[in-house]
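**Student:** Have a look at this one before I ask anything.
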Amino acid sequence: KGWDCYYYVGDILEDSIGYWLSDFIRSRDLILKHVVLNAGEMDSAPIGEMSQDMIHKMIDVNIKGNIFLLNHLVPELKKNGGGSVTIINSISGLRASKNNALYSASKFALKAVADSLREECARDNISVSSIYPGYTEGERTESSIKKVMQYKGLDYQEARNIIANRNSQKRILDPREIADAVLYSMLGEASSDIYLEGETDYRIIKLVSWIRDNTENSKKLLIPISGGSDSALVFKLCSIACPHKVIGTF
């Protein structure tokens, strides 16, 4: 839709990745305003049965790799007058579970990184948000389903139902819901944590998505404002969903 897209191929485990990515952005006269960190490694095993490779990979990707990037990209955001940092975490970053000690530990650490960065950037016009999704359609969830099939001797649908029931919505999330949460965090002016197992956040995100989808072809968006917090919230959500549209008020 008229946007230029650029990509940079690098290794998140190299401590210089942030430097080279920053250099790549500057070399094309681009201005960095939003950072979304979604690289992650997931595996599960009880303590005592983890391989050294599993331990190193989980810690290196989930913690060190994200910090390498932030260490170079946050100064760029500050130099550009602010922006946003969105970190894709996991519900495991809030709640540990059986056989997930290593993964949860890495995600708890990532939560600490985000919370600390939020305090550091409070006066730099940089919002810092963490998104905590549950099981989402994709290769990793399919891997979890296969493990349940293997360990419990179940067929695919039975194992899938067990995984889906671990989410509060009793279903596996659609990746587009994560994308909507990212958009919500990028275009919001304040730092926030978004829990995709929480129904309140989920309904707000779905409302933003509905507004955007149903006004895509319109040139103007008129919002009746009668005063009060409800109207203010609707106005704000429309601003997030349609930042480049004209918003009129009665």
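In this note's numbering, each residue's number is its place in the sequence shown (first place is 1) plus 1468. By construction, the Cβ of each residue, glycine as well, lies at the ideal position given by its N, Cα and C atoms.
1) Can you find the residues in the same chain that come closer than 8 Å, C-beta to C-beta, to V1581, ignoring five residues on each side of it along the sequence?
2) Quick check: what's the CA-CA separation for Y1474 versus F1492?
3) Got a sec, what are the start and stop residues for the alpha helix (DSSP H) V1477 sits in?
4) Just the Cα atoms here: how many angstroms apart are D1479 and D1528?
5) Closest to M1526 by C-alpha separation, out of L1541, V1542, E1509, K1566, would be which residue?
6) Mapping DSSP to helix, strand and coil, what is E1482?
7) State the Cα-Cα distance for the pair V1553 and L1578, rounded to the nearest angstrom.
8) Assign L1498 to one of two classes, buried (16 or more other C-beta atoms within 10 Å of its C-beta) or exposed (fewer than that).
9) If you follow the beta strand (DSSP E) that I1515 is part of, which residue opens it and which one closes it?
10) Hey, I1599 and S1653 are a contact pair by Cβ (cut 8 Å); roughly how many whole angstroms apart?
11) Would you kindly work out how many angstroms separate the C-alpha atoms of R1586 and L1500, rounded to a whole number?
12) Can the beta-carbon of L1705 be found less than 9 Å from the beta-carbon of I1679?
13) By DSSP, does L1641 sit in helix, in strand, or in coil?
14) Using 8 Å as the threshold, is the stretch 1506 to 1520 in touch with the stretch 1568 to 1576, meaning 3 or more CB pairs across them?
15) Quick one: what's got a C-beta closer than 8 Å to Y1487's C-beta in the same chain, skipping five residues either side?
16) Give a yes or no on whether the C-beta atoms belonging to S1558 and K1575 are separated by under 9 Å.
17) Looking only at C-alpha atoms, which of N1629, I1640, K1614, G1551 sits nearest to S1595?
18) Quick check on this structure: which residue in G1516, I1613, K1614 has the alpha carbon closest to the alpha carbon of N1567?
**Tutor:** According to the structure data:
1) Translated into the one-based positions of the sequence shown, residue 1581 becomes position 113. Hits under 8 Å: I1531, N1534, I1535, L1538, I1555.
2) Within the sequence shown, residue 1474 is the residue found at index 6, counting from 1. Within the sequence shown, residue 1492 is the residue found at index 24, counting from 1. Each residue's alpha carbon lies about 10 Å from the other.
3) What you label residue 1477 is simply residue 9 of the sequence shown in a count that begins at 1. That residue, V1477, is in no alpha helix (DSSP H); it is neither H nor E in DSSP.
4) Indexing the sequence shown from 1 puts residue 1479 at position 11. Indexing the sequence shown from 1 puts residue 1528 at position 60. Roughly 11 Å separates the two Cα atoms.
5) Taking the sequence shown and counting its residues from 1, the one referred to as residue 1526 is at position 58. Ranking the options by Cα distance to M1526, first place goes to E1509.
6) Taking the first residue of the sequence shown as position 1, residue 1482 is located at position 14. In this structure, E1482 counts as coil in the three-state DSSP scheme.
7) Residue numbering aside, residue 1553 sits at position 85 when the sequence shown is read from its first letter. Residue numbering aside, residue 1578 sits at position 110 when the sequence shown is read from its first letter. Cα-Cα distance, rounded: 13 Å.
8) Counting from one through the sequence shown, the residue named residue 1498 turns up at place 30. That one is exposed.
9) In the sequence shown, the residue the question calls residue 1515 occupies position 47. First-last for I1515: undefined, no H or E at that position.
10) Along the sequence shown, one-based indexing puts residue 1599 at 131. Along the sequence shown, one-based indexing puts residue 1653 at 185. Their Cβ separation, rounded to whole angstroms, is 7 Å, which keeps I1599 and S1653 in contact under 8 Å.
11) On the sequence shown, position 118 is the one that residue 1586 refers to. On the sequence shown, position 32 is the one that residue 1500 refers to. If you take the alpha carbons of R1586 and L1500, they lie about 18 Å apart.
12) Numbered from 1 along the sequence shown, position 237 holds the residue referred to as residue 1705. Numbered from 1 along the sequence shown, position 211 holds the residue referred to as residue 1679. The answer is yes: Cβ separation under 9 Å.
13) Taking the first residue of the sequence shown as position 1, residue 1641 is located at position 173. In the structure shown, L1641 sits in a strand (DSSP, three-state: E or B).
14) yes
15) Working through the sequence shown from its first residue, we reach residue 1487 at position 19. The answer, listed in chain order, is H1540.
16) Start at 1 with the first residue of the sequence shown, and residue 1558 comes out as number 90. Start at 1 with the first residue of the sequence shown, and residue 1575 comes out as number 107. It is a contact, given that the beta carbons lie within the stated cut-off.
17) Position 127 of the sequence shown, counting from 1, holds the residue named residue 1595. The option with the nearest alpha carbon to S1595 is G1551.
18) Sequence index remark: in the sequence shown, residue 1567 carries index 99 (1-based). If we check each option's Cα against that of N1567, G1516 comes out closest.
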